[in-house]
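In the working numbering, the protein residues as written are 10 to 186.
For each residue, glycine too, the CB sits at the ideal point set by N, CA and C.
Worksheet: the structure to be examined is printed underneath.
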Amino acid sequence: MFSLDNLVIVFFIFVYSVFNSLIYTIILNRYYYPQQQTNNNGMFTKEDVDRLLENYNKEINLKISKEKAILLKENEEIQNKLKKKQIKSSKLKDLLLDYENKMEEVLKQPLPVPDSLKLRKALEENAQFKKKTLELEEANSQLYNQIQVQVKKCSDLRVHAEAKLANASEQLEEIKN
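Structure, rendered in structure tokens:
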């Protein structure tokens, strides 16, 4: 239910609060000497100190209980995540085991006879596909070359047209002047 880390944290908080209370009590008992009060000048009485210590202890206990509740909630969330991951891990292990079993079955099966009709048919189809692939690659390269030629012609025409346009602009400027 509790992890070791959470228990250690709660233990250290508890030890700290007890140690702090003991030190506070020792200091008050050793260095505080109650004096007779003839006038009410604001000195604390032993009852006041006891009440303050009790309130301080209640505050510490309240803080400890809040921290404990938070730690319990975090621990519960971590436990839930752990359970989910364990379930997922076991499912993946089962899936891997099934896969390995199927692979062993497939590997143990004998290979088909190479002269079977299906194999010949598949080899013929494969040869036809290779032939078609080569034809398509050749056609593709021819089309690519034609496109490159057309692109070059287009760029040459553009350069020529720009030159003519520049020449015509110069002639127009000369005519205007």
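By Cβ distance below 8 angstroms, which residues in the same chain neighbour residue i in space, the five residues on each side in sequence not counted?
{"i": "Phe28", "result": "none"}
{"i": "Ser30", "result": "Leu62, Tyr65, Asn66 and Ile69"}
Less than 8 angstroms separating the beta-carbons of residue i and residue j?
{"i": "Ile73", "j": "Phe21", "result": "no"}
{"i": "Ser26", "j": "Asn84", "result": "no"}
Residue i by DSSP, collapsed to three states: which one?
{"i": "Thr142", "result": "helix"}
{"i": "Leu132", "result": "helix"}
{"i": "Gln95", "result": "helix"}
{"i": "Gln118", "result": "coil"}
{"i": "Thr34", "result": "helix"}
{"i": "Ser26", "result": "helix"}
{"i": "Phe53", "result": "coil"}
{"i": "Thr47", "result": "Legend: pLDDT at Thr47 = 49, less than 50; position of this residue unreliable, no value from coordinates given."}
{"i": "Ser12", "result": "coil"}
{"i": "Ser125", "result": "coil"}
{"i": "Asn66", "result": "helix"}
So is residue i buried or exposed if we call it buried at 16+ other beta carbons inside 10 Å?
{"i": "Thr47", "result": "Here the model assigns Thr47 a pLDDT of 49, short of 50, so the residue's position is not dependable and the matter cannot be decided."}
Between the options, which lies nearest to residue i when the distance is taken from Cα to Cα?
{"i": "Leu16", "options": "Ile32, Leu120 and Leu81", "result": "Leu81"}
{"i": "Ile36", "options": "Leu126, Val58 and Glu171", "result": "Val58"}
{"i": "Val19", "options": "Ala78, Phe53 and Arg60", "result": "Ala78"}
Please return the same chain residues whose Cβ sits closer than 7 angstroms to the Cβ of residue i, not counting the five positions on each side in sequence.
{"i": "Glu76", "result": "Ile22"}
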